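To start, the structure under review is shown below, and the notes come after it.
Numbering (the working numbering), first residue to last: 16 to 347.
Given below as structure tokens:
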């Protein structure tokens, strides 16, 4: 891939946690021609709007980080929205990228694409080998479709049109720009908010959903962004040597996982909460374990740098900066 710093790069979802981290990484590397649009300016579920945007801008590269995301509660409550919006966004962007001659595209997936009971750690070849976790199946189906869209366009048009569309599958992300909504957020931002508010109100206990025994892997979002730009920058020969035409995605993880109970204690330490931690076993646990095998990207030369303790401190600092009203004990 050409590394010319003036290439026009469209980052879809630049206001989200993943997209904003990719923009930061590209800017730090000296890329100067980054194109973005807010949702108000461009609705990616609207085919006509996406078509007009690509015909006007004609980017050289695309990072597809836009997605409707949320935790267990949100996925259970809004399954139709999760599958429809994610399918429409990725189909519109990938197809219009092809139609307007975009040669390089990177699609961001999620580790929930793997079966609920996949062997741990989950390697890329575990895809489509078993039943998905029911709580986020609609989102997972949409993300699997995104991988297969990229692969299908490569298989049909790779040689004739010179396109090279790639996918990365990050593990659970956290860090600056996260969503701290009390009901619709993922586990780390939800815990950061709850422990912070418990500290402010001097609450004697924080109750965590589930048993605390499931294990999860977490990756600081700027590590994910570095991995995304790294994968996009690999030569086609190198990428093809480490992937297969119908199994072309690359896992991006930290390399180790923790129990939810261990995570809760780590978040309590990061936020300075000194009360008790309890567990509501009437609430769902989700998958028993989600730990991805990152050996493929490690062999290619990338490794995560930010450990959980350091990352949680950075994430809490971001929360304090962006949610100053909660410092006064008010819900944002």
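All C-beta atoms in this analysis are idealised placements derived from N, C-alpha and C, irrespective of residue type, glycine included.
This one's a predicted model, so the numbers in the text were calculated from it and none came from an experiment.
field: Closest by C-alpha distance to residue 256, when choosing among 203, 204, 202, 311
entry: One-based indexing of the chain shown puts residue 256 at position 241. Checked all of 203, 204, 202, 311; the closest Cα to residue 256 is 311.
query: Taking all protein chains shown into account, do 16 or more other C-beta atoms lie within 10 angstroms of the C-beta of residue 45, making it buried, or fewer, making it exposed?
result: For the purposes of this step, residue 45 is identified with residue 30 of the chain shown, where counting begins at 1. The residue is exposed, with fewer than 16 neighbouring Cβ atoms inside 10 Å.
message: So, with DSSP's three-state summary, where would you put residue 185?
response: In the chain shown, residue 185 corresponds to position 170, counting from 1. Three-state result, residue 185: strand.
query: Taking the C-alpha atoms as reference points, what is the distance between residue 335 and residue 140?
result: Locating residue 335 in the chain shown gives position 320, where the first residue counts as 1. Locating residue 140 in the chain shown gives position 125, where the first residue counts as 1. Using only the alpha carbons, I get a separation of about 40 Å.
message: Taking 9 Å as the threshold (C-beta atoms), are residue 82 and residue 120 in contact?
response: The sequence position of residue 120 within the chain shown is 105, counting from 1. The sequence position of residue 82 within the chain shown is 67, counting from 1. No. Outside cutoff.
query: Taking the alpha carbon of residue 142 as the point to measure from, which residue in 304, 301, 264, 330 has its own alpha carbon closest?
result: Walking along the chain shown from the start, residue 142 turns up at place 127. Measuring from the Cα of residue 142, the nearest candidate turns out to be 264.
- prompt: When you compare only the Cα positions, how much space is there between residue 307 and residue 125?
  reply: Counting from 1 along the chain shown, the entry for residue 307 is found at position 292. Counting from 1 along the chain shown, the entry for residue 125 is found at position 110. Cα-Cα distance, rounded: 10 Å.
- prompt: According to the neighbour-count rule (16 or more other Cβ atoms, all chains shown, within 10 Å of its Cβ), is residue 187 buried or exposed?
  reply: On the chain shown, position 172 is the one that residue 187 refers to. Burial call: buried.
- prompt: Going straight from the alpha carbon of residue 77 to that of residue 133, what length do you get?
  reply: As a working mapping, residue 77 is identified with position 62 in the chain shown. As a working mapping, residue 133 is identified with position 118 in the chain shown. About 31 Å.
- prompt: In the DSSP assignment, what are the bridge partners of residue 266?
  reply: Here the question's residue 266 lines up with position 251 in the chain shown. The partner list for residue 266 (beta bridge, DSSP) reads 184.
field: Whole-angstrom distance between residue 321 and residue 180, CA atom to CA atom
entry: The residue given as residue 180 occupies position 165 in the chain shown. The residue given as residue 321 occupies position 306 in the chain shown. Looking at the two C-alpha atoms, the distance is approximately 28 Å.
task: Entirely within the segment 236-299 and at least 3 residues each: give me those beta strand (DSSP E) ranges in chain order.
output: 265-267, 291-295
task: State the DSSP-derived secondary structure class of residue 233, mapped to helix, strand or coil.
output: Walking along the chain shown from the start, residue 233 turns up at place 218. Strand.
message: What does DSSP give as the partner residue(s) for residue 137 in the beta ladder?
response: Position 122 of the chain shown, counted from the first residue, corresponds to residue 137. Residue 137 is bridged to 307.
- request: Return yes when at least one heavy atom of the ligand GTP lies under 8 Å from the C-beta of residue 160, else no.
  value: Summarising the ligand content, the structure contains no ligands, and the ligand GTP is consequently not present.
field: For residue 118 and residue 178, believed in contact at Cβ under 8 Å, the rounded distance
entry: Numbered from 1 along the chain shown, position 163 holds the residue referred to as residue 178. Numbered from 1 along the chain shown, position 103 holds the residue referred to as residue 118. That belief holds up - the Cβ atoms of residue 178 and residue 118 are roughly 6 Å apart, short of 8 Å.
- prompt: Quick one: Cα of residue 280 to Cα of residue 292, how far?
  reply: In the chain shown, the residue the question calls residue 280 occupies position 265. In the chain shown, the residue the question calls residue 292 occupies position 277. Roughly 8 Å between the two C-alpha positions.
task: Please classify residue 208: is it buried, with 16 or more other beta-carbons within 10 angstroms of its beta-carbon, or exposed?
output: Taking the first residue of the chain shown as position 1, residue 208 is located at position 193. Buried is the call here.
query: Based on Cα-Cα distance, which residue from 149, 215, 113 lies nearest to residue 130?
result: Position 115 of the chain shown, counted from the first residue, corresponds to residue 130. Closest option to residue 130, Cα to Cα, is 149.
query: Do residue 231 and residue 274 have their C-beta atoms closer together than 9 Å?
result: Locating residue 231 in the chain shown gives position 216, where the first residue counts as 1. Locating residue 274 in the chain shown gives position 259, where the first residue counts as 1. In contact: residue 231 and residue 274 (Cβ atoms closer than 9 Å).
message: Looking only at its chain, what residues have a beta carbon closer than 7 Å to the beta carbon of residue 238, apart from the 5 residues adjacent to it on each side?
response: Taking the chain shown and counting its residues from 1, the one referred to as residue 238 is at position 223. Once the five neighbours on either side are set aside, the close Cβ partners of residue 238 are 319, 320, 321.
task: State the beta-bridge partners of residue 50 as determined by DSSP.
output: Here residue 50 refers to the residue found at position 35 of the chain shown. Answer by DSSP bridge pairing, in chain order: 25.
field: Within 9 Å, strictly: CB atoms of residue 223 and residue 272
entry: Residue 223 sits at position 208 when you count from the first residue of the chain shown. Residue 272 sits at position 257 when you count from the first residue of the chain shown. Cβ atoms of residue 223 and residue 272: not closer than 9 Å.
message: Could you compute how far the alpha carbon of residue 327 sits from the alpha carbon of residue 191?
response: Position 312 of the chain shown, counted from the start, is the residue given in the question as residue 327. Position 176 of the chain shown, counted from the start, is the residue given in the question as residue 191. So the alpha carbons of these two residues sit roughly 10 Å apart.
- prompt: Buried or exposed: residue 211, going by 16 or more other Cβ atoms within 10 Å of its Cβ?
  reply: Against the chain shown, residue 211 aligns to sequence position 196. Classification of residue 211: buried, given that the 10 Å Cβ count is 16 or more.
query: Comparing alpha-carbon positions, which option in 40, 99, 144 lies nearest residue 49?
result: On the chain shown, residue 49 is found 34 positions in, with the first residue counted as 1. Here the closest residue by C-alpha is 40.
task: Mind checking which residues open and close the beta strand (DSSP E) that includes residue 223?
output: In the chain shown, residue 223 corresponds to position 208, counting from 1. It spans 220-224 - the beta strand (DSSP E) in which residue 223 sits, taken as one unbroken run.
query: With distances taken from CA atoms, which of 34, 110, 58 is nearest residue 163?
result: Residue mapping note: residue 163 aligns to position 148 of the chain shown, counting from 1. Considering only alpha carbons, the answer is 110.
query: What did DSSP end up calling residue 322 once you bin it into helix, strand or coil?
result: Stepping through the chain shown from its first residue, residue 322 is reached at position 307. Residue 322 falls in the coil class under three-state DSSP.
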